[in-house]
Amino acid sequence: MAHRFGLDSLVIRDGRFYGWGWFLDDEAGAARCELHLPLRGGGAQTVMCVPAGTRDDLRRAYPQIPHAASAGFLLQGRLRAPLDSSRPARLVATLANGQVRSCEVHDLLQIGHPTGVLRRAWNKWRREGLRSLVLATRQRTEARLQAATSRRLLLRRLYRWGDGDPLILVIDHGMGGGANRYRHALVNSFAGKGAVLVVSPVLQELSYRVELRTQDGVFEGQVTRLEAVLRPLERLRRLDIHVNELVSYAEPLALLEWVRAQRARGIGELVFHLHDYHAACPAWTLIDHTGAFCGVPDPIMCLTCLPANTANTMDFTPDVTVPQWRAAWGAFLEVCDRIVAFSWASVDVLAKAHPRLPKEKVTVQPHTVDVSLRPIRTDPGPPLVIGAVGHLTSAAKGARILREMADLIRERGLPMRIVVFGTLEQHDGDDGIEVLGEYALADLPDLLERQRVGVCLLPSICAETYSFVTAELMAMRAPLAVFPIGAPAERVRQYDLGLVISRIDPAVALDEIAAFAARVLADADAAPKGQ
Numbered sequence: 175m176a177h178r179f180g181l182d183s184l185v186i187r188d189g190r191f192y193g194w195g196w197f198l199d200d201e202a203g204a205a206r207c208e209l210h211l212p213l214r215g216g217g218a219q220t221v222m223c224v225p226a227g228t229r230d231d232l233r234r235a236y237p238q239i240p241h242a243a244s245a246g247f248l249l250q251g252r253l254r255a256p257l258d259s260s261r262p263a264r265l266v267a268t269l270a271n272g273q274v275r276s277c278e279v280h281d282l283l284q285i286g287h288p289t290g291v292l293r294r295a296w297n298k299w300r301r302e303g304l305r306s307l308v309l310a311t312r313q314r315t316e317a318r319l320q321a322a323t324s325r326r327l328l329l330r331r332l333y334r335w336g337d338g339d340p341l342i343l344v345i346d347h348g349m350g351g352g353a354n355r356y357r358h359a360l361v362n363s364f365a366g367k368g369a370v371l372v373v374s375p376v377l378q379e380l381s382y383r384v385e386l387r388t389q390d391g392v393f394e395g396q397v398t399r400l401e402a403v404l405r406p407l408e409r410l411r412r413l414d415i416h417v418n419e420l421v422s423y424a425e426p427l428a429l430l431e432w433v434r435a436q437r438a439r440g441i442g443e444l445v446f447h448l449h450d451y452h453a454a455c456p457a458w459t460l461i462d463h464t465g466a467f468c469g470v471p472d473p474i475m476c477l478t479c480l481p482a483n484t485a486n487t488m489d490f491t492p493d494v495t496v497p498q499w500r501a502a503w504g505a506f507l508e509v510c511d512r513i514v515a516f517s518w519a520s521v522d523v524l525a526k527a528h529p530r531l532p533k534e535k536v537t538v539q540p541h542t543v544d545v546s547l548r549p550i551r552t553d554p555g556p557p558l559v560i561g562a563v564g565h566l567t568s569a570a571k572g573a574r575i576l577r578e579m580a581d582l583i584r585e586r587g588l589p590m591r592i593v594v595f596g597t598l599e600q601h602d603g604d605d606g607i608e609v610l611g612e613y614a615l616a617d618l619p620d621l622l623e624r625q626r627v628g629v630c631l632l633p634s635i636c637a638e639t640y641s642f643v644t645a646e647l648m649a650m651r652a653p654l655a656v657f658p659i660g661a662p663a664e665r666v667r668q669y670d671l672g673l674v675i676s677r678i679d680p681a682v683a684l685d686e687i688a689a690f691a692a693r694v695l696a697d698a699d700a701a702p703k704g705q
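Position 398 of the sequence shown, counting from 1, maps to 572 under my numbering, and the rest follow consecutively.
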């Protein structure tokens, strides 16, 4: 059977690497992919290829292959030694049917390198002619010049900033989701309180995006070294710091040390916002190397897990141990003025990793959610339609357990079907799940009714610190099932149309959802009309 692969992008900077590609076999999807990178001095480094969501470009290019859209992967981590460009890398894929495919990857260092750009430019000229090549080259040159100018103007403003002028520094990631949604609202809330400087990594370039909001306007730029932005802040006396997220930073523990140093010299307020469990473990969702939620076990268990858990850590800090990690974070938490959490459940998990957590500094502040969504009408079936809502882009978000539930429905011939309102990692046409794709929140009630949903399911197997989806579904009065961890379980226990599944298990989930649906939907049918 034929197989194909591509490495679309690879950036290497300061020992870190980040890139993406794809592997596609005609016969079956890849259950596991590894890239073996040749290193100078001999030997190789094995890098896990992390599933990377839906690739619509591959679906269009290979419409005859049902699993084409799930063929994408990410590469991320830190090199143990420089790459050996004289030897090819090797991509090894284990298919879902157990067969193994292996192929060589040549010219690894030329992907994203000037020579690689020239090769793509030559191919573009052959396809589209000289005029298109000249235009594309001019656009790239102009973009580089504009980026360099923006960077200079931004850094000049920071170095000229008055040491007594107020500045609010917000440190965040750029990976989307609830943390970024919250950050936008947080920055807007600072209007009139002084200038705001937002820093976030740009993973695909291994650089940092910097945005300075002042009364004179918004100034943006990108830097490859975080120190270029932090250094001019070290003399400021009126500096507030909000640590929103440190996931995907090159040296998170060094950044924590820098923040502590600023706090020690007597700056303004230092606030930590608890969006995940990065303060407990580099695996910020607390999903262990087996794909299960660990629940913060005895640290001796972490000795085995962390080295084998690169898929859930980004592998940017491969040499740190969990005790070292928690010591650095614990020292940071102790000097914070405030710790803002979004559920008591998340505080309890953090306190398990940090028994000395200063709880007197903790404020639980649930997110603001659009509650104008109308109540939905549910359908008892048969079949019972289970609606999973959100971007299920990882095992932590429930992608794997949802597929296991679909397998059981098919094996047992159950009168159920699963519909995803959003996206599903590694989805293909054979998994028995219907995936509807992106949706607008205002349209969600209509979409749920159109699909005749009886029960909604939040399939996350990690301890969500809040979950906007949970709040939105409760606002729609949807019957809702969740697993027994995190903020969703905390809220659903108090919800009259809620089910907290007794344990994280696909068979248990199906059995308890079926019984819950029969009870709740029967009660709805028995209610007097108009209620």
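The beta-carbon is built from N, C-alpha and C at its ideal position, and this holds for glycine as well.
- Rounded to the nearest whole angstrom, the CA to CA distance from Ala696 to Arg387 is 55 Å.
- Two segments are said to touch when three or more pairs of C-beta atoms, one from each, lie closer than 8 Å; by this definition the segment 397-404 does not touch the segment 462-482.
- Within the segment 645-700, the complete beta strand (DSSP E) segments at least 3 residues long are 654-656, 672-674, listed from N- to C-terminus.
- Residue Gly442 holds the alpha-carbon nearest to the alpha-carbon of Leu343 among Glu379, Ala637, Gly442, Ala226.
- Taking 8 Å as the cut-off, the beta carbon of Leu249 is found closer than this to the beta carbon of Leu209.
- For Tyr423, the number of other beta carbons within 10 angstroms of its own is at least 16, and it is reported as buried.
- Leu448 counts as buried, since no fewer than 16 other beta carbons sit within 10 angstroms of its beta carbon.
- Membership of Met222 in the beta strand (DSSP E) is indicated by the continuous run 218-222.
- Counting only the Cα atoms, Ala505 lies some 11 Å from Leu427.
- When secondary structure is reduced to three states using DSSP, Glu394 falls in the strand class.
- Secondary structure of Gly368 (DSSP, three-state): coil.
- When the five nearest sequence neighbours on each side are left out, the beta carbons in the same chain lying within less than 6 Å of the beta carbon of Ala519 are those of Gly660, Ala661, Glu664, in order along the chain.
- Nearest to Arg434 by alpha-carbon distance, out of Leu413, Ala235, Tyr451, is Leu413.
- Partner residues in a beta bridge of Pro492, as assigned by DSSP, do not exist.
- In this structure the segment 524-539 does not lie against the segment 560-570, because fewer than three pairs of beta carbons, one per stretch, are closer than 8 Å.
- Selection Cys636, Val666, Met650, Ala243 evaluated against Tyr451 yields Cys636 as nearest (Cα-Cα).
- Counting C-beta pairs with one atom in each stretch, the segment 646-656 and the segment 522-529 have fewer than three that are closer than 8 Å, which means they do not touch.
- If you draw a straight line from the Cα of Ala482 to the Cα of Gly572, it comes to about 21 Å.
- In this structure, DSSP gives Glu401 a helical state, which the three-state scheme calls helix.
- If you draw a straight line from the Cα of Ala681 to the Cα of Ile575, it is about 10 Å long.
- With the rule of 3 Cβ pairs closer than 8 Å, the segment 328-337 does not count as touching the segment 350-361.
- Taking C-beta atoms as the reference points, Ile592 and Ile550 fail to come closer than 8 Å.
- Distance from the CA of Ala453 to the CA of Arg409, rounded to the nearest whole angstrom, comes to 27 Å.
- Under the DSSP definition of a beta bridge, Gly440 lacks any partner.
- In the DSSP assignment, Asp199 is bridged to His177.
- With fewer than three CB-CB distances shorter than 8 Å, the segment 580-590 does not count as touching the segment 610-620.
- Each of Arg275, Ser546, Thr487 was checked against the Cα of Arg206, and the nearest Cα belongs to Arg275.
- As a beta-bridge residue in DSSP terms, Leu249 pairs with Gly193.
- Setting aside the 5 residues that flank it on each side, Arg229 is surrounded in the same chain by Trp196, Ala242, Ala243, Ser244, Ala245, Gly246, each with a C-beta closer than 8 Å to its C-beta; the list follows chain order.
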